[in-house]
Structures are given as C-alpha cells and as structure tokens.
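All residue numbers for the sequence shown refer to the numbering used here, where the first residue is 710 and numbers rise by one.
Report on the following structure.
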Amino acid sequence: MPAPTRRTALDVVIALAVAALAVLVWKLRIIDPATVEYHILANQDFFTQIYPMSHRAAEWIRAGTLPLWNPYQYCGLPFLATGLYGVLYPPNALYLVLPTAVAIEVIIVLHLATSGVLTYAFARVMGLSHTAATLAATTFMLSGFMVAQAAWFPPAIGAATWLPLALIAVERLIATRRAYWSVVLAVAVALSFLAGWPQTWLYAMWALAGFVAVRLSTLAITRRGHRREVAAVALLVAAGLLIGGGLMAAQLLPGLELQGLGPRRVGGLSLRQAVALAPAPDVVRAQMVDSQAGHPRLVYVGMLALLVIPVALFTRACTRVRTLYFFALGLFSVGVVLSVYTPLFALYRLVPGSAWFRAPPRLLYLYAFAAAVLSGVGLDVIARAEPLPARRPVGVLALVTSVGVWLALAVAMPEQSRVYVAIGVGLVWVAVAARPRVARRLAVIAIVAVAGWDLFHSVSNPYFHPFHQPETFDREAPLLDFIHSHQGLGRTYFDLLLETPQMMSKQGSLRGIYAITDYEPLSVARYDRFYRLLERESDRRPDIVTFTGHLHAHPDAPLFPLIDLLSLRYIVLQRGLVDYERGLARDPGKWRPVPSIRSSYVLYENTDMLPRAYVAHRAIPAGNEDEALAAVSRSTFDPRRDVVIEDITLSETPLTGAIPLITAAKIVDYEPSRVVVEANILFAGHLVLTDTFYPGWRAELDGQPAEIERANFLFRAVAIPAGHHTITFQYAPRSFRVGAAITIATLLLTVVVVGVSLSGAGRRSAPARE
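Dropping the structure here:
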C-alpha cells in the first residue's frame, strides 16, 4: 500500500475548485441551455413526482406531522414507505427552509460537488497525486451518468454520491483499524439508501462488497502471520455495515413492507419489463465516444479517459490489485448493458437483487466510477513515468498510441471526438517523453484540463426543471381549485393519457385533492388488479409496462360501475373525448357535467356518490384475494346493500331476511394518519371506510380495540352492533416503530463509538507529561 497521503492546503484548494466546477456545470450546462418545457422520458419525474411530493412532505413536517400516510393518492398509500422522496434523508432538510423549486437545485448542486470531492479524496487515499486525483474527480463528477442524474432525478444522484466515502472508510479501516471509520462506512451506506433510489444503492453495495472482498483477500495473503489483524479489519467492516443497516432501518422496514405488497415485489418484474428502457447495444457503443453537446449520455466518460485508462495496467504494485478490481467492475457494468438483448443477460438476472429493477443501463453507474478511478491511476502512471525502468515509458507510449490510432481509425465517432483523441495522444507523448520536467508537468495538467473541457462541453441539457417554470403547475388552477373547495371527502379521477405538470395524478398531493390514481413505482398490487376491471380490453396497458397507478377507466367497460366503490365524486376529462362523454350520458341522472369552469378539461360530477364511510348490513364472505375480486365483480353484488369481507365464515354473517340499504356514517375527523367515524344504526353490520386496507392501521370501537377486516377487495371495515358508536382508525405501523427504535438506538451507539474513538485518538496523540 502507498504511503498515506496527508491533507494539504493544495488538497483544500482543489476540492473547492471541484465544487466550483460543479456549480458552473449546473448553471451553464444544465439550467441555462434548457428550452424544452416537457419531455416524458427526460424531465417528467421532476414535475410529476419530485416537486409535488417533496412540497407536500415539507408542508406536513413544518406543521409538525411526520408524513407516514398519504390520503391523496389511490384511496390512501404509505408516504414514507415509498422511499423515493427521502423524508429521512438529512440533505432534504433544505426543503423545509427553501422554496421547493430552489431546494431541488441546491440539493442537485450539493450532491454533484460532493461526488467530485469524495472521489478526489478516495483517489488521494489510494496514493494518487494531486493531478491524477483531480482527473478522477472530474471524470466521475462530470461523467454522463452523474450529470444525467443531476439533469433528471435528485434521488438518483443522492444515492450515487456516497460510494467513494464508503471506499475511503474501508481503506482507512485497513490502515488504522479505528472504530471511527466503521461509523463513516455506516453513514455512507445509510445516506446512499436514505436518498431514495434503491437501484443505485444496490449497485453501490455490489461495488462495495467486491472491494471489501478484494482488499481483505489481499490483506490475508500479504499478512499471513497477522490473522488477528485481518480478522479485526473484517469485524470493523462488518460492524460498519451493521450500523449502516441500523441507521436506515426506519426507512428500510416500511419500504420492504410496501414492496412485499406491490407489483414490484421480489420476482415481480418479468424479463420483458426489466429491459423495457434499455437502448440497443449499438446505441450504447456510439454514445461511449460521442463528445457532442447534448442531453447527458450515461456511458460517456470523456475521450481522454478512454486513452489513459489502459495505462492503469502499468500501475505500481501497491495499487495493482485495486486497479484490476476496478477494471473488472467497469467491464462487468458495460458487459451487462451490452448483453441486454442476448441470452447472457439471463445470467445477470441471477445476481442477487438484479431482478428487482428495470432499466439495466443504470448499472453504468459502476462503469462511470470505475472509469474515473482508472483514469486517475492511468494519469498517475504517466506522471510518474520518469523514475520507472526505461521499458515502462516505452510501453506507456506504445499503448496510448495504439489505443488512439484504433479509436481514430476503427471506431465511428464525431470529428470532434477524434480531435480530442489526437490532442490526448500528443499530450501523453509530451508528458512521458519530453526532457524538461516543467513541460512534462504542464502536459499532465493539460490532460486534466482538456478532459474537463471535453466533459463540460459534452453536456447541454435542453429540458426545463421546475426551477425554470414553477407556474406550469398552476395552468389549470381554476378547475383544480374548484375540485378542492367542493370535493368534501369525495375522490377525483383524472383521465390522463400522459402525466403532465398542469394535470397529473400528483396534483392530488400538491393541492389536497383525493385522486384515485398515482404515479409511483411502489404501490399496492391489488390496485393493479382492481383497475384492470374498470378498463376496456383495448385500453389496458401492455404487460411490458409496470404498474405505477395509471388508470384508463371507460364507461364502455362492462365493470365500469365498480368505480363507485372508490367513493368517486368527480371525473376530469380532456375535451373532445366524445365516446367517453356519450358513455357517461347513458346514465344522465348520475353523471352531471359541471359548467362554467375555465379549463381545457371537462369536469363531471357523480350525483350519487358512495359515501366515504357507511354501514353495510349484509356481508358476503370471501376466503382469499381471488374470491373477493370475483365477488365484487358479480352482477349480483350490490354495493348499496352488500360488503365483501375476506377471511370470514358463513356462520358469522347470516344472509337471510330482508336486508336494508347501507346507512351513511359521519366522518367527524379526517387527518392523514387518523380518522374518526360516528355511526348510528338500527341493525348490526360492518362500518366500511373506503380507505386502503394496509398493515399498520389500528381501530377502536367506542374506545376498545377492534379488528379491521378487508372490505370490497381494497378497503377497511369494522364489525359493529346496533346503536350509536365511535370508530377511530389510527395509522401507527409496526414496521416504522420498530425501524425507528432501531435507528434511534443505532444513533446513540454511533455517538458513543465516535466519542470513545476520538477520545482514544486524543490520548494517543497527547504529549507525555514530564
């Protein structure tokens, strides 16, 4: 291992310069070039997920409410458990003090800069020179992958930022065996997860696990007589991972609970769904050498990086094993992406966790980081070429020249890319072969400068962020404000072909409208099954598309009347859908158009809305999920008399005698995590609340615990006797309570470990008394 590097004033200056470069990239290459208002594959998630949900979470937290449950999407869904919005992620505290659109951008810049600074620090810990570490930092921070996350999705760049910190912690544990670095490792692991993008976090954990295995194996081989030392490092690493798991338990356990109930549960994605967003291998190969300004390309790491990466093979013995590991990591990442449409991809799906996610090109995260480290190692070899044996400089020059000639002549690329290749080859020759030391040093610095110039100018983001145009959310304000002020507790169906900022499912969360649809990766799988009943066969999404809450209910669907079970009050339609309006008009006493609202949409009101809370006096038993869905689908099912209750027996609910219509109940208090209902009935029955049945909800009947039963496939019910009763529903999920207890205990343990570690270090460094 190389001698440990000390932090110097130059390191601080370079770190500040890297951070400043991140700000310039954000301003000049992401914000300023944007001219396109909206693109479904480029900036949709900024507008239709991140902005509305971050805004709503901040409002609740400022009001003193932890956003555990969201009543505004579907018929209620966990908020914190979705994970995507980083409710527990410390940097997201900026949403509490800044306007949402501004906070998004500050968080992006913060992570972009941090990724560069941490990569620089890791390269220095590896023993690379200041210049080589700067190239590594610049390559990763400005790589197509990282800038693409900055231009597209804050949770993704947050999850990608912390890998170098975890690797630094592993290196320092090997060098010092101090428990303090176990805590640093834990923080890096936890922050990556809490940021809200588990796919990138999983990939980071793969890279971390491989690095730990390589480093411990190397340590065991080189220090055979020091088994205790190797064991101590292994235990400290394991402790760091365990502490990291504890720190993120408050988010992890609710997330696992929701995923287990959703269409993306483990094994839930088919192979076709997993590869749905994967580009063809030829596109990936072309983007690898495309330096032209445009939307960030995940695979682009700069032309000079491609030149100097092979030189890393000449690295010193002390970094050789780690260098080979990063070669393997980068080749694995690119190999998987290039094999998506071949039988080899099925082998990748056997890797633990790989089948949980779609869009395999996101694995290029590992290629971007590996390429950055290897470019730094390669430049370090070039910068140190003088003291090496004579054959080494010759080998370096021969390799770089060969790679440059091959790229220029055998690979199709823009002329601009060929210019960078030529400049790179020339600079390497000067850096290695020139006699004056000053010329060599300037050439090495120039390599970093040209690489940075290339990466900086390869990006020109054309797509708006909410920061550009937050008023886009208000274009349909008159209609949305009308719904909010007149809805009561009734729900709204937005019939949308595409999610757009002015009319999207998340307008529910943004404006406090009870919307029955959503745009959310994690949801409850039962909604997928139920919503298919409301759609015509021709309108159902293909199996290749994953369910995110979309619904295209149509009056011509045979089971369209089941939409009443959702306590629907309004339908919002685009103008000109003649067949849809004609279908609603077949029941003119039920669906009434609401006139005189300035909008490009049409609003229909349900004049016979099923109450949000009511008592049904006849229960139809169903033994399981399939039976319940079949029961509500039968023509004999009457929601104005009946309720389907799962997991009950016929003897508990006699079906004989005259059955009265449902009796409306009164909701006297409705909060996100607490609902109070009063019912006054002459006959026993089931109090039905048309809110999602979900683990963690508890009920009390007149102050005594009561069992919540699953009603009408999706909802909650409590059996109640005749008379006047108060039923209280409270959301206090065990998954969060247990997770929070683990996280708090881990935080306390972490404080103790850090305190003891620092005090011990202070005693060791204190001068001896005379």
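Glycine included, C-beta positions come from ideal geometry on N, C-alpha and C.
> From Arg833 to Glu1208, what does the alpha carbon distance come to, in whole angstroms?
Replying inline: Each residue's Cα considered, the two are about 45 Å apart.
>> Using 8 Å as the threshold, is the C-beta distance between Arg1071 and Leu978 below it?
In response: Their beta carbons are not under 8 Å apart, which means Arg1071 does not touch Leu978 by this criterion.
>> At the level of alpha carbons, what is the spacing between Pro1187 and Ala845?
In response: In this model, Pro1187 and Ala845 are separated by some 51 Å (Cα to Cα).
>> Going by C-alpha to C-alpha distance, which of Val1447, Ser1466, Arg936 and Val921 sits closest to Gly955?
In response: That would be Val1447, whose Cα lies nearest to the Cα of Gly955.
> Would you say the region 1172 to 1187 touches the region 1110 to 1129, given that touching needs at least three Cβ pairs under 8 Å?
Replying inline: No, because fewer than three Cβ pairs between the region 1172 to 1187 and the region 1110 to 1129 fall closer than 8 Å, the two stretches do not touch.
> On the premise that His1263 lies in contact with Asp1248, defined as a C-beta separation below 8 Å, what is that separation, rounded to the nearest angstrom?
Replying inline: About 6 Å; that satisfies the 8 Å criterion.
> Rounded to a whole number of angstroms, what is the C-alpha to C-alpha distance between Thr1459 and Arg1031?
Replying inline: Cα-Cα distance, rounded: 29 Å.
> What residue range is occupied by the uninterrupted beta strand (DSSP E) comprising Ala1408?
Replying inline: Segment Trp1406 to Leu1410, the beta strand (DSSP E) holding Ala1408.
> Under three-state DSSP, which class holds Leu1364?
Replying inline: Residue confidence is low: Leu1364 scores 44 on pLDDT, short of 50, so the model does not pin down where it sits. Its coordinate-derived value is still stated next. Residue state, collapsed to three classes: coil.
>> Going residue by residue through the region 900 to 960, where are the continuous alpha helix (DSSP H) segments of at least 4 residues, counting only ones entirely within it?
In response: Counting only runs of 4 or more, we get 907 to 931 and 936 to 956.
>> Among the candidates Ser1466, Ala822, His1433 and Trp1138, whose CA atom is the shortest distance from the CA of Ala729?
In response: Looking at the Cα atoms, Ala822 is the closest of the given residues.
>> Please classify Thr843 as buried or exposed, where buried requires at least 16 other C-beta atoms within 10 Å of its C-beta.
In response: Flag for Thr843 reads buried.
>> I'd like the ranges of any alpha helix (DSSP H) spanning at least 4 consecutive residues and lying wholly in the region 1246 to 1297.
In response: Those alpha helix (DSSP H) runs which fall completely within the region 1246 to 1297 and span 4+ residues are 1287 to 1294.
> With 16 as the cutoff for other CB atoms within 10 Å, does Cys1027 come out buried or exposed?
Replying inline: It counts as exposed.
>> For the structure I just gave you, are there three or more beta carbon pairs, one from the region 1046 to 1055 and one from the region 791 to 808, closer than 8 Å?
In response: Taking 8 Å as the limit for Cβ pairs, the verdict is that the region 791 to 808 does not touch the region 1046 to 1055.
> Can you tell me whether DSSP reads His1326 as helix, strand or coil?
Replying inline: Here His1326 sits in coil by DSSP.
> Sorted by chain position, which residues of the same chain lie with C-beta nearer than 7 Å to Leu1013's C-beta, five sequence neighbours on each side aside?
Replying inline: For Leu1013, where only same-chain residues beyond five positions count, the Cβ hits under 7 Å are Tyr1129, Gly1133, Ile1156, Val1159, Ala1160 and Asp1163.
>> Considering only the alpha carbon of each residue, which of Met1212, Leu1423, Thr1345 and Val1386 lies closest to Gly1409?
In response: Note that residue 1409 corresponds to Glu in the displayed sequence, not to Gly. Among Met1212, Leu1423, Thr1345 and Val1386, the Cα nearest to that of Glu1409 is on Val1386.
>> Distance check for Ser1308 and Glu1361, CA to CA, integer angstroms please.
In response: For Glu1361, the predicted structure reports a pLDDT of 45, less than 50, and the residue's modelled location is therefore unreliable. The matter cannot be settled from this model.
> What is the DSSP secondary structure of Tyr1403, counted as helix, strand or coil?
Replying inline: Secondary structure of Tyr1403 (DSSP, three-state): coil.
>> Could you check whether Tyr1440 and Leu777 sit closer than 8 Å to each other, using their CB atoms as the reference points?
In response: Yes, Cβ-Cβ distance for Leu777 and Tyr1440 is below 8 Å.
>> With three or more C-beta pairs closer than 8 Å as the rule, is the region 1390 to 1410 touching the region 1320 to 1336?
In response: Counting Cβ pairs under 8 Å, three or more are found: they touch.
> Quick one: what's got a C-beta closer than 7 Å to Leu970's C-beta in the same chain, skipping five residues either side?
Replying inline: Closer than 7 Å at the Cβ level, and outside the excluded window around Leu970, lie Val1233 and Ala1234.
> Whole-angstrom Cβ separation of Thr848 and Val1010, contact assumed at under 8 Å?
Replying inline: Their Cβ separation, rounded to whole angstroms, is 6 Å, which keeps Thr848 and Val1010 in contact under 8 Å.
> Taking the alpha-carbon positions, what's the Leu1364 to Thr757 distance?
Replying inline: With a pLDDT of only 44 at Leu1364, under the threshold of 50, the placement of this residue in the model should not be trusted; the figure read from the coordinates follows. Distance between the alpha carbons of Leu1364 and Thr757 is about 46 Å.
>> Rounded to whole angstroms, what is the Cα-Cα separation between Arg1029 and Leu1022?
In response: Spanning the two alpha carbons is a distance of roughly 8 Å.
>> As a quick exercise: from Leu1088, Trp735, Ala1420 and Glu746, pick the residue whose alpha carbon is nearest that of Ala860.
In response: For the options Leu1088, Trp735, Ala1420 and Glu746, the alpha carbon positioned closest to that of Ala860 is the one of Trp735.
> Exposed or buried, Leu1359, counting other C-beta atoms within 10 Å across all chains shown (16 or more means buried)?
Replying inline: Caution is warranted here: a pLDDT of 45 is assigned to Leu1359, below 50, making its placement in the model unreliable, and the coordinate value is therefore given only provisionally. With fewer than 16 other Cβ atoms inside 10 Å of its own Cβ, Leu1359 counts as exposed.
> Under the rule that 16 or more other beta-carbon atoms within 10 Å means buried, what is Gln908, buried or exposed?
Replying inline: Label assigned to Gln908: buried.
> So, is Asn1315 buried or exposed, given that buried needs 16 or more other C-beta atoms within 10 angstroms?
Replying inline: Counting every other CB atom within 10 Å of its CB across the protein chains shown gives Asn1315 a total of 16 or more, marking it as buried.
> Alpha carbon to alpha carbon, what distance is there between Glu814 and Pro1061?
Replying inline: CA-to-CA, the gap between Pro1061 and Glu814 works out to about 34 Å.
> Excluding five sequence neighbours on each side, which residues of the same chain lie with their C-beta closer than 6 Å to the C-beta of Ala1143?
Replying inline: Same-chain partners within the cutoff: Arg1149.
> For Arg1478, which of helix, strand or coil comes out of DSSP?
Replying inline: Annotation note: pLDDT 37 at Arg1478 (below 50); position unreliable, no value reported.
> Would you say Arg1278 reaches chain B, if we count a Cβ-Cβ gap shorter than 8 Å as a contact?
Replying inline: Structure shown: chain B not included; a single protein chain is present.
>> Quick check: the Cα distance between Gly690 and Tyr1279, rounded to an integer number of angstroms?
In response: No statement about residue 690 is possible, as the shown extent of the chain runs from 710 to 1479 and does not include it.
> Taking the alpha-carbon positions, what's the Ala1081 to Val1137 distance?
Replying inline: In this structure, the CA atom of Ala1081 is about 18 Å from the CA atom of Val1137.
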